[in-house]
Amino acid sequence: MPVTSQKLRDWKQVGRPIAVLTAWDYAIARLLDAAGTDVILVGDSLAMVALGYATTLPVSLEAMLHHTAAVARGVRQALVVCDLPFLSYQESPAQAIQSAGRALKEAGAQAVKLEGGSPAILETIAKLVAIGIPVMGHVGLTPQSVHQLGYRQQGRDDMAAARILAEAIAIADAGAFSIVLEHIPATLAATITAKLPIPTIGIGAGPHCDGQVLVTADILGLADKPPPFARVYTDLRGSIEQAAQQFIADVRDRTFPPSG
Ligand code: KIV
């Protein structure tokens with residue numbers, strides 16, 4: 150049975166942890182889906198891991214839709230969430246409706262994710278939800294604000310922690326079906342998780358969230374410098390380099406293709 154946003158809320162109630170991974174193309178999405186990933190996020194981190202940009206800011210809505218459509222074609226079970234990129238939703242709720250609508254209508258996503266918890270973003274979330282677009286929130290370290298926040302852990306002092314908690318509660322009240330908590334102290338993530346009726350998905354936010362997300366390039370060992378909170382499960386970079394070197398050697402010494 151395909152995963153739905155309602156199912157994620159049910160899983161929080163019964164304490165069933167939610168596994169989320171990012172994907173940027175059909176091949177990766179198919180494998181992650183077949184492995185049983187609950188939610189596949191077409192994160193704007195693809196700007197960095199697949200397109201070679203230094204931050205997530207340059208990726209366009211068109212590029213996100215292109216990659217989301219490829220991912221959606223590879224997925225049978227997981228919930229596909231499209232990250233709305235920088236400046237595709239912050240201008241106005243009308244702009245967000247256009248962008249999110251295209252993610253569902255043209256690219257085949259089942260939900261969108263957007264960053265932040267300002268009053269303007271809360272209004273946008275409420276309007277998207279009102280027209281039937283499921284929204285995943287994202288607070289703590291929000292990479293689209295890298296030029297304000299850097300990549301530092303957020304919510305370290307009492308005031309910052311109280312602000313993130315208030316934002317998370319307001320995002321749930323606005324109708325989001327889940328929320329990413331990125332790079333905040335584990336104690337703060339535990340408090341938010343206990344207070345919210347919707348599932349929290351942590352990344353660098355400790356073990357007490359309802360689910361966990363990692364960037365797939367990091368778990369596969371493809372990233373130049375994975376963040377300290379990522380776990381690298383395999384060395385795909387080494388395997389790819391080795392396979393390419395072996396192919397090059399086989400071509401040069403004419404052992405590939407085999408004769409006869
Ligand atoms: O873009 C992304 O991959 C994300 C995750 C890190 C949550 O937003």
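The numbering used here runs 149 ahead of the 1-based position in the sequence shown. All C-beta atoms in this analysis are idealised placements derived from N, C-alpha and C, irrespective of residue type, glycine included. Just so it is clear, the structure is predicted and the values come from calculations on it, not from any experiment.
Touch check for the region 278 to 298 and the region 306 to 318: three-plus C-beta pairs under 8 Å? yes
Hey, quick one: how far does the alpha helix (DSSP H) through Lys161 stretch, first residue to last? Ser154 to Val163
Does DSSP put Lys276 in a helix, a strand or coil? helix
What residues in its chain sit with their C-beta under 8 Å from that of Pro268, if we drop five residues either side in the sequence? none
Looking at C-alpha atoms only, which residue of Gly387, Cys358, Gln303 and Pro292 is the closest neighbour of Ile328? Cys358
Any contact of the region 162 to 181 with the region 247 to 261, i.e. 3+ C-beta pairs under 8 Å? no
Report the start-end ranges of each alpha helix (DSSP H) in the region 249 to 330 that is 4 residues or longer and not cut off at the edges. 268 to 279, 295 to 298 and 307 to 322
Starting from Ile177, trace the beta strand (DSSP E) in both directions and tell me its first and last residue. It is not in any beta strand (DSSP E) - Ile177 instead sits in the alpha helix (DSSP H) that spans Tyr175 to Ala183.
Measuring straight from C-alpha to C-alpha, what distance separates Thr404 and Ile397? 10 Å
Can you tell me whether Leu190 sits near the ligand KIV, meaning its C-beta is under 7 Å from at least one heavy atom of the ligand? yes
I think Thr204 touches Val295, with their Cβ atoms under 8 Å apart; what is that distance to the nearest whole Å? 5 Å
So does Ile352 have its beta carbon nearer than 7 Å to some heavy atom of the ligand KIV? yes
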